[in-house]
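Residues are numbered in the working numbering as their position in the sequence shown, beginning at 1, plus a constant of 784.
Single-structure report; data block below.
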Amino acid sequence: QVQLVESGGGMVQAGDYLRLSCTASGLPFTQYNMAWFRQAPGKEREFVAAIRSGSGVTDYADSVKGRFTIARDNTKNTMYLHMRSLKPADTAVYFCAGKYGMGRYDYWGQGTQVTVSS
């Protein structure tokens, strides 16, 4: 059974730092492309960042470039999202997702809430 479990969310103030983690089980993590998405209240889920298997090439949404860093530790089957200079606009439920190859993301976590106050 595949599971993606996020952790690390919380309530912080604008300008603060927060690290999210996503631990995977039940899948060959090293072969999976992984990503973070987020969904703010009343809005659609949006892409935040992605990291490829193998090469580790990363991609970011324009809204988080220069502030967020995505990383993965294949020895721990874990992906991270380092979030710096947080803004109230970053408030959302953050989801991790994984897929094998291209196409849609096959697996999703349950989400972790991040709330940034001004």
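Positions of the beta carbon are idealized from the N, C-alpha and C atoms, including for glycine.
Is A824 helix, strand or coil when you go by DSSP?
When secondary structure is reduced to three states using DSSP, A824 falls in the coil class, being assigned neither helix nor strand.
Starting from M795, trace the beta strand (DSSP E) both ways and give me its first and last residue.
Under the DSSP assignment, M795 falls in the beta strand (DSSP E) whose first and last residues are G794 to Q797.
Starting from the Cα of K860, find the closest Cα among P812, F852, M795 and T899 and give me that residue.
Comparing Cα-Cα distances from K860 to each of P812, F852, M795 and T899, the minimum goes to P812.
Cutoff 6 Å; reference G901; Cβ partners in own chain excluding five residues on either side:
According to the sequence provided, residue 901 is Ser. The question's Gly does not apply to it. Answer for S901: Q797, listed in chain order.
Where does M818 land, buried or exposed, given buried means 16+ other C-beta within 10 angstroms?
Classified as buried, M818 has 16 or more neighbouring CB atoms from the shown chains inside 10 Å of its CB.
Taking the straight line between their C-alpha atoms, what separation do you get for S791 and R829?
Distance between the alpha carbons of S791 and R829: 18 Å.
If you follow the beta strand (DSSP E) that R829 is in, where does it begin and where does it stop?
Where R829 is concerned, there is no enclosing beta strand (DSSP E), given that its DSSP letter is neither H nor E.
Can you tell me whether T814 is helix, strand or coil according to DSSP?
Correct three-state label for T814: helix.
Contact belief for G810 with V786 at Cβ below 8 Å, rounded distance in angstroms:
Contact holds; Cβ gap of about 4 Å.
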